[in-house]
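Q: In this note's numbering, the protein residues as written are -14 to 376. Beta carbons are placed, not taken as given, at the ideal position from N, Cα and C, and that holds for glycine. Just so you know, these numbers come straight off a predicted model, no measurement behind them. Take this structure first; my questions come after.
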Amino acid sequence: MTGKGGVGKTSVAAATGLKCAEQGHKTLVLSTDPAHSLADSFDRELGHEPQKITENLWGAELDALMELEGNWGAVKRYISEVLQARGLDGVQAEELAILPGMDEIFGLVRMKRHYDEGDYDVLIIDSAPTGTALRLLSLPEVGGWYMRRFYKPFQNMSAALRPLFQPIFKPIAGFSLPTNEVMDAPYEFYEQIEALEKVLTDNTQTSVRLITNPEKMVLKESLRAHAYLSLYNVSTDLIVANRIIPDQVTDPFFKKWKENQSIYKKEIYDNFHPLPVKEAPLFSEEMCGMQALERLKDTLFETDEDPSQVYYKENTIKVVQKDNCYSLELYLPGIPKEQIKLNKTGDELNVRIGNHRRNLVLPQALAALSPSSAKMEEDYLKIQFSSTNAG
């Protein structure tokens, strides 16, 4: 579940978890948002480890510091040693040893662990707002680029030089060379994230549900998020239009709000077509506690409906062959062609939209060819490749 901050994604995630549990699925709702509110939504204490909420339903809020100590402890201690050798005191070194963005990486690693353990039938991720969630989805791609080009050569060189320089290095520099444990940890992280990417991009078992409100700013961000998710080959299967003012509200104060919502609600259906859309009203009570979540659950889902189903299988990337030509088609709904920048280097195609970038490793059939043209057609960016353009 993701969406702009404040649209109600945590409430929808919690209500979806309740319905999945009601259908007999062992369900875990996991919050990876640094500003957790899942415990507030269920109105009970939650921690780093899953805690049972009701029959078939568990909840957890990711504690990045605990995850760091369990998975990154050796690296953290080494960075602290280096920083202390450079004159920082212990507390400062400890704080700076936690690199920016680590909570996002640990969110991915935690998801991978739950997937591998297989203790739950359904895993619902209450993610950070769209900007942070999209950064999280780009980590496998960005991490792979750095690992292939920089980290593995550096790791091999370090292993070769350590026996030669270790005896003289610490007396001079004040800290030792990194051990195998320290050097292996980042690559092990990358391998886990790379494996998780295959799960995240499998539209038969994984999808994103976008929560939006019928408001101009929220709708625009949701449309951009949909396109960016497609860029990372992550499919969206459902849109939830939340906090719609009910018809029975007739107070003149809400007249203009209701008129605007009517306009933007139609745009939600039109712009996200053919994705299914569910509606939830603006309730008269705060979405806090089991009673309120039960109301939201019953509003969103039919009695026998199973929310764990994939409502729509969106195809975000495909390769089409016609005669001797190939076309790589990327589903980028609502993105004008002039906002897209393409560049091919070796067997990789770099696609950039605004501040979001993806390096697509091309299939073997396309890697030796050069793009000959590109056009937007029915929300697909169609990039033509031809053998006559091979360089």
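My assumption, with CB atoms under 8 Å, is that Leu285 sits in contact with Lys263. Please give the rounded CB distance.
A: 5 Å
Q: For the alpha helix (DSSP H) holding Tyr249, just list the boundary residues, first then last.
A: 240 to 257
Q: Please report the distance separating the alpha-carbon of Gly32 from that of Leu13.
A: 13 Å
Q: Is Ala113 near Thr17, with beta carbons less than 8 Å apart?
A: yes
Q: Count the C-beta pairs between the region -8 to 7 and the region 102 to 109 that are closer than 8 Å, then say yes if the count reaches three, no if not.
A: yes
Q: Just to confirm, is the Cβ distance from Val184 to Tyr100 under 8 Å?
A: yes
Q: Under the three-state reduction of DSSP, which class applies to Thr235: helix, strand or coil?
A: The answer is coil: DSSP assigns Thr235 none of H, G, I, E or B.
Q: Among Val304, Pro292, Ser358, which residue has its Cα nearest to the Cα of Lys322?
A: Ser358
Q: Would you identify the three-state DSSP class for Gly2, choosing helix, strand or coil?
A: Helix at Gly2.
Q: Am I right that Glu34 and Ala24 are in contact with their C-beta atoms under 8 Å? What's the rounded C-beta distance?
A: No, Glu34 and Ala24 are not in contact; Cβ-Cβ is about 13 Å, not under 8 Å.
Q: Counting pairs of Cβ atoms below 8 Å between the region 196 to 208 and the region 298 to 315, do you hit three or more?
A: no
Q: Could you tell me whether the region 280 to 295 touches the region 330 to 348, where touching means 3 or more Cβ pairs closer than 8 Å?
A: no
Q: Rounded to the nearest angstrom, what separates Leu42 and Pro237 at their Cα positions?
A: 42 Å
Q: My assumption, with CB atoms under 8 Å, is that Asp111 sits in contact with Met(-14). Please give the rounded CB distance.
A: 6 Å
Q: Just how far apart, CA to CA, sit Val225 and Tyr254?
A: Taking the straight line joining both Cα atoms gives about 10 Å.
Q: Could you tell me which whole beta strand (DSSP E) segments of length 3 or greater appear in the region 264 to 341?
A: Complete beta strand (DSSP E) runs here, min 3: 302 to 307, 310 to 316, 325 to 330, 333 to 338.
Q: Kindly indicate which three-state DSSP category Ala353 falls into: helix, strand or coil?
A: Taken through DSSP and simplified to helix, strand or coil, Ala353 comes out as coil.
Q: Can you tell me whether DSSP reads Gly55 as helix, strand or coil?
A: helix
Q: Under the three-state reduction of DSSP, which class applies to Val14: helix, strand or coil?
A: strand
Q: Is His99 close to chain D? Criterion is C-beta to C-beta, closer than 8 Å.
A: The structure shown contains no chain D; it holds only a single protein chain.
Q: Just reading off the beta strand (DSSP E) that Val107 is part of, what are its end residues?
A: Secondary structure note for Val107: its beta strand (DSSP E) is the uninterrupted segment 107 to 111.
Q: Distance check for Leu354 and Gly331, CA to CA, integer angstroms please.
A: 9 Å
Q: Taking the alpha-carbon of Asn335 as reference, which of Arg194, Ile368, Gln306, Gly319 has the nearest alpha-carbon?
A: Ile368
Q: If you draw a straight line from the alpha carbon of Ser371 to that of Pro356, how long is it in whole angstroms?
A: As the crow flies, the alpha-carbon of Ser371 is around 7 Å from that of Pro356.
Q: For Gly9, which residues from the same chain have a beta carbon less than 8 Å from its beta carbon, with the 5 sequence-adjacent residues on both sides left out?
A: Asn41
Q: Just to check my reading of the structure: Leu181 and Thr221 have Cβ atoms closer than 8 Å, yes? What is that Cβ distance to the nearest angstrom?
A: With a Cβ gap of about 18 Å, Leu181 and Thr221 do not count as contacting.
Q: By a C-beta neighbour count over all protein chains shown, 10 Å radius and 16 as the cutoff for buried, is Leu50 buried or exposed?
A: Flag for Leu50 reads exposed.
Q: Classify Ala359 as helix, strand or coil using the three-state DSSP reduction.
A: strand
Q: Looking at the strands, I want to know which residues DSSP matches up with Thr197.
A: Ala226
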